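Numbering of the sequence shown is given in the working numbering, commencing with residue -8 and proceeding in unit increments.
All residues carry an ideal CB built from backbone N, CA and C; glycine is no exception.
Keep in mind the model is a prediction, meaning the values are calculated, not measured.
This report concerns only the one structure given below.
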Amino acid sequence: MLETKGHREAVTALAFSPDGDKLVSGDAAHDIVHDGHLRPIQKVVCKNPQSPIGPMRSLAFSHDGRSWFSATPTHIQKVDTETGATQWCYAPLTSLGVFHDAPMRIATSANGKLAVCFESGEMAIWSFDEDVPRRARANAKGHFLAWLGNDYVVSADGFEVQVTEATTGQRVRTWHLQERILGLSVEPERRLAAIRTLHQLDLIDLMNGAHLGSAPAGPGLPLVAFRPRSDFLASPGVDGVNLTTLSGMNVLNFPIRDTRATSIAFTGDGSRMAIGCADGSIHQILLPYVA
-8 MLETKGHREA
2 VTALAFSPDG
12 DKLVSGDAAH
22 DIVHDGHLRP
32 IQKVVCKNPQ
42 SPIGPMRSLA
52 FSHDGRSWFS
62 ATPTHIQKVD
72 TETGATQWCY
82 APLTSLGVFH
92 DAPMRIATSA
102 NGKLAVCFES
112 GEMAIWSFDE
122 DVPRRARANA
132 KGHFLAWLGN
142 DYVVSADGFE
152 VQVTEATTGQ
162 RVRTWHLQER
172 ILGLSVEPER
182 RLAAIRTLHQ
192 LDLIDLMNGA
202 HLGSAPAGPG
212 LPLVAFRPRS
222 DFLASPGVDG
232 VNLTTLSGMN
242 VLNFPIRDTR
252 ATSIAFTGDG
262 SRMAIGCADG
272 SIHQILLPYV
282 A
């Protein structure tokens, strides 16, 4: 296990580059880009001159790894991976110092699109190559967001999950849960969604809405993440992070001492897991034996 502590506050967002060679982490004040050995190679201050800094909510790399995106309650910015220079920054409108339409989550597709959901319940689809981002869609809500291939976006908010066609903005499927949704992760190849509620993890087939199974949820924060190319889900446990099969069996525990997990991310090939923690530390775990 590798460990670093470059943050002074809780690490609330993590994202690996497509090749897994870089990891960007974010807290309330700044982002840090690390190499594959968790050595910091650049620091980017997340500051909007129009307002105080809000906690980091979401991070994502572009499909080619040349840039990455961050979203806070005050702005969205695109950053050059090599230089750390901000390529553009979008700030929502303010009225008497109050932000309207604050960004909640971002997600990137393999064909160069950025999906953003806002506090107002709206969603926008932007192209990476736009110098100035434009709102393209405003008809899908969600506090959680993920791409399903290049054509569909999955979002969840409150008790509702929906699949939206990215080009037309049309809702393809919508269904409701009995418990409030506290976390969402999507496995695009098998078109599955893992939904974290207060007491359990639910697995849903995104094509037909079928409920495929449930597993008890741990006592930690309501995080959930698919491990790519496997049948495992990651979620916080009593003293670390658990890897649980989709059937709820074969739990593997990765303990973390004197802190708790606040964010989880995997490399694209599923060989490594990064865990951001409340004390500002990041743990990276090699997973060669988990199939």
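On the three-state DSSP scale, how would you describe A137?
Three-state DSSP puts A137 in a strand.
Buried or exposed: where does E73 fall if 16 or more other Cβ atoms within 10 Å of its Cβ makes it buried?
Result: exposed.
Would you give the residue range spanned by the beta strand (DSSP E) that T165 belongs to?
It spans R162 to H167 - the beta strand (DSSP E) in which T165 sits, taken as one unbroken run.
Can you grab the Cα-Cα spacing for the pair F109 / A93, in whole Å?
Distance between the alpha carbons of F109 and A93: 5 Å.
Have a look at L214 and D18 and give me their C-alpha separation to the nearest angstrom.
Answer to the nearest angstrom: the Cα atoms are 16 Å apart.
Would you call the region 242 to 254 and the region 266 to 281 in contact, with 3 or more CB pairs under 8 Å?
At 8 Å Cβ cutoff, the stretches touch.
Pick out whichever of Q33, D22 and T236 has its Cα sitting closest to the Cα of S49.
Ranking Q33, D22 and T236 by Cα distance to S49 puts D22 first.
Below 8 Å, can you find three or more Cβ-Cβ pairs linking the region 137 to 150 to the region 55 to 62?
Output reads no: the region 55 to 62 does not touch the region 137 to 150.
Is the beta carbon of H25 closer than 9 Å to that of T(-5)?
Going by C-beta atoms, T(-5) is nearer than 9 Å to H25.
Indicate whether P207 and L192 have their beta-carbon atoms separated by less than 9 Å.
For P207 and L192, yes; Cβs fall inside 9 Å.
Return the residue from the list D249, G228 and R248 that minimises the CA-CA distance to V242.
The option with the nearest alpha carbon to V242 is G228.
In whole angstroms, what separates the C-alpha of R187 from that of P179?
Taking the straight line joining both Cα atoms gives about 17 Å.
For my contact list, R220 and G11 are in at a C-beta cut-off of 8 Å; report their separation, rounded to the angstrom.
With a Cβ gap of about 13 Å, R220 and G11 do not count as contacting.
Express the C-alpha separation of S58 and D71 in angstroms, rounding to a whole number.
If I take the Cα positions, the gap works out to 5 Å.
How would you label T235, buried or exposed, when you count the other beta carbons within 10 angstroms and need 16 or more for buried?
Buried, since its Cβ has 16 or more Cβ neighbours within 10 Å.
Name the two residues that bound the continuous beta strand (DSSP E) containing M114.
First-last of the beta strand (DSSP E) with M114: M114 to S118.
Excluding the 5 residues preceding and the 5 following H202 in the sequence, name in chain order all residues of the same chain whose CB lies nearer than 7 Å to its CB.
D193 and I195, listed in sequence order.
Note down, in chain order, each residue of its chain lying with its Cβ closer than 7 Å to the Cβ of H167, except the 5 sequence neighbours on either side.
Only F150 and E151 meet the Cβ criterion.
How many whole angstroms separate the CB atoms of V35 and G75, which I take to be in contact at a CB cut-off of 8 Å?
The pair is a contact, with the Cβ atoms about 5 Å apart (cut-off 8 Å).
Across which residues does DSSP place P94 in a beta bridge pair?
F109.
Would you report the Cα separation of P31 and G(-3), rounded to the nearest angstrom?
Answer to the nearest angstrom: the Cα atoms are 8 Å apart.
According to DSSP, simplified to helix, strand and coil, what is L237?
L237 falls in the coil class under three-state DSSP.
Rounded to a whole number of angstroms, what is the C-alpha to C-alpha distance between G27 and Q169?
Using only the alpha carbons, I get a separation of about 41 Å.
Assuming H134 and N102 are in contact, meaning their beta carbons sit under 8 Å apart, how far apart are those beta carbons, in whole angstroms?
Contact flag wrong, Cβ pair sits at about 25 Å.
Report back the beta-carbon spacing between L136 and A106 to the nearest angstrom; my notes put them in contact at under 8 Å.
Confirmed, about 6 Å.
For E178, name the three-state secondary structure that DSSP assigns.
Three-state result, E178: strand.
DSSP three-state call for T188: helix, strand or coil?
T188: coil per DSSP, three-state reduction.
Given a cut-off of 9 Å on the beta-carbon distance, is the pair S100 and A157 in contact?
Yes, Cβ-Cβ distance for S100 and A157 is below 9 Å.
In whole angstroms, what separates the C-alpha of N244 from that of N141?
Cα-Cα distance, rounded: 33 Å.
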